[in-house]
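Novice: Just passing along the structure, written as structure tokens.
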Amino acid sequence: MTAAAGLPLGTGSQGKERRGSVRRTAGARTGALAVLVLFHTGSLPAQTLHEWKTDFSKRSVPLEEIVPGGPPKDGIPAIDRPKFVSVQQADRWLDDREPVVVVDLGGEAKAYPLQILIWHEIVNDAVGGVPVAVTYCPLCNTALVFDRRVADRILDFGTTGRLRHSDLVMYDRQTESWWQQATGEAIVGTYTGSKLRFLSALVVSWKTFKSTYQSGKVLSRQTGHSRPYGKNPYAGYDNPRGGPISGFFSLEPDRRLPAMERVVALELNGESVAYPFSSLEKKGVVNDQVGGLPVVVFWMPGTASAVDAERIAGGRDVGSSAVYGREIDGRRLTFETGPSPGLFLDRETGSRWTFLGEAISGPLAGKKLNPLHHGNHFWFAWAAFQPSTRIAR
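Under the numbering used here, think of the first position of the sequence shown as 100, with each following residue one higher.
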């Protein structure tokens with residue numbers, strides 16, 4: 100799992116449900132490794148067999164790749180009955196720079212603050228009539244949203260307390276199959292080989308959400324659990340010169356980029372591409388073609404890292420990314436940065452576009468670009484699951 104990497108804090112039930120702060124020191128790493136008990140090759144510890152109803156005879160990955168992350172099953176509690184508040188109410192406790200996951204489906208828009216997700220990792224919800232799982236793995240910086248429907252069933256997800264390649268391993272409560280969050284694929288159990296459908300979502304600043312969706316809904320802090328929302332249990336983890344916790348990540352790192360470089364992670368029609376944030380910060384926009392489709396990547400400043408400072412609101416500015424198809428009514432557009440951050444122009448018509456993909460002036464005013472699913476992974480995590488990825492600098 101991932102909600103505070105490595106060490107349970109304190110004692111009692113709350114201590115079992117969270118991990119200690121991640122520090123970039125040898126001591127912290129030694130402590131984290133002390134709680135690791137690796138799976139035996141081809142078998143599972145006795146307590147695991149008693150704990151789970153999972154069909155372990157079905158699996159697509161070696162079991163030894165899946166390691167305990169500290170907390171037990173559901174030790175990091177998913178939110179199953181989420182409550183929501185208005186933008187005006189949430190503005191009392193959210194800072195303008197704080198990151199939120201935005202899901203906009205069927206005419207309904209919701210924001211899921213990372214200051215809450217960092218302690219729970221999964222929210223089982225519905226948006227615009229679509230059952231969704233809003234997920235966040237702090238160790239990989241993967242904020243991903245899935246459709247919870249598989250065949251004719253709606254699945255509910257919880258946390259296994261385990262990691263693979265440092266990434267959250269979820270489970271569904273219907274069959275207790277284990278699912279890799281980074282790929283959306285079931286890797287152990289009845290559903291092995293099945294894949295959840297990714298849904299397009301953005302991680303943006305609270306300022307961006309509240310100025311765009313005045314009538315939107317915001318996940319409430321009233322979760323039924325006592326947590327210091329707003330604080331970061333991974334303080335110092337987002338170190339550009341650092342790397343993943345070795346006990347949770349045993350692969351040889353891909354050295355084409357620094358391990359903790361943020362990348363826009365995109366896969367279309369079998370082609371995967373990584374766009375480094377360090378490059379996007381300089382360019383602001385990238386026009387590309389991926390999997391045979393013309394795409395555009397937008398970047399804008401103003402969003403704090405959730406896993407940097409002790410208070411999320413104080414995290415360094417890492418910015419936000421968005422990815423869209425760049426064709427409107429059969430016409431291919433080429434984009435460039437606009438007169439101010441978060442605004443973009445297309446060269447073909449001179450129309451002005453927002454970061455959220457809507458033309459607000461010019462011949463195409465009122466038109467919207469088609470949003471594409473993507474992630475904002477740490478490089479080591481994207482490369483682990485997409486080793487042949489192209490890097491677009």
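For each residue, glycine too, the CB sits at the ideal point set by N, CA and C. Because the structure is a prediction, the values reported are computed rather than measured.
(1) Report the residue from 256, 353, 277 whose alpha carbon sits nearest the alpha carbon of residue 177.
(2) Look at residue 414 and residue 405 and say whether their C-beta atoms are less than 8 Å apart.
(3) My guess is that residue 384 and residue 436 are in contact by the Cβ rule of under 8 Å, so how many angstroms apart are they, rounded?
(4) Starting from residue 508, follow the alpha helix (DSSP H) in both directions and report where the run begins and ends.
(5) Closer than 8 Å is the cut-off here; do at least three beta carbon pairs connect the stretch 236-247 with the stretch 277-286?
(6) Where does residue 378 sit, in a helix, a strand or coil, going by DSSP?
(7) Which residues mark the beginning and the end of the beta strand (DSSP E) in which residue 443 is found?
(8) Are residue 316 and residue 209 close, meaning C-beta to C-beta below 8 Å?
(9) Taking the straight line between their C-alpha atoms, what separation do you get for residue 295 and residue 418?
(10) Fully enclosed by the stretch 376-451, which alpha helix (DSSP H) runs are 4 residues long or longer?
(11) Kindly indicate which three-state DSSP category residue 339 falls into: helix, strand or coil?
(12) Can you check DSSP and say which residues form a bridge with residue 235?
(13) Please report the straight-line C-alpha distance between residue 409 and residue 475, rounded to a whole angstrom.
(14) Whole angstroms are fine: how far does the CA of residue 234 sit from the CA of residue 284?
(15) Suppose the cutoff is 6 Å on Cβ atoms and the five residues either side in sequence are ignored; what does the same chain contact list for residue 482 look like?
(16) Can you give the Cα-Cα distance for residue 357 and residue 462, rounded to whole angstroms?
(17) Could you pull the start and end residues of the beta strand (DSSP E) that residue 316 belongs to?
(18) Excluding sequence positions up to five away, which residues of its chain have a Cβ less than 7 Å from the Cβ of residue 239?
(19) Taking Cβ to Cβ, would you say residue 434 is nearer than 8 Å to residue 318?
(20) Since residue 154 contacts residue 288 with CB under 8 Å, what's their CB separation in whole angstroms?
(21) Which one of 370, 361, 447, 232 has the shortest CA to CA distance from residue 337?
Specialist: Reading from the atomic positions:
(1) 256
(2) yes
(3) 6 Å
(4) Because the chain in this structure spans residues 100 to 492, residue 508 falls outside the shown range and cannot be described.
(5) yes
(6) helix
(7) 442-445
(8) yes
(9) 28 Å
(10) 376-382
(11) coil
(12) 242
(13) 21 Å
(14) 14 Å
(15) 353
(16) 42 Å
(17) 316-318
(18) 265, 266, 281, 476, 477, 480
(19) no
(20) 5 Å
(21) 361
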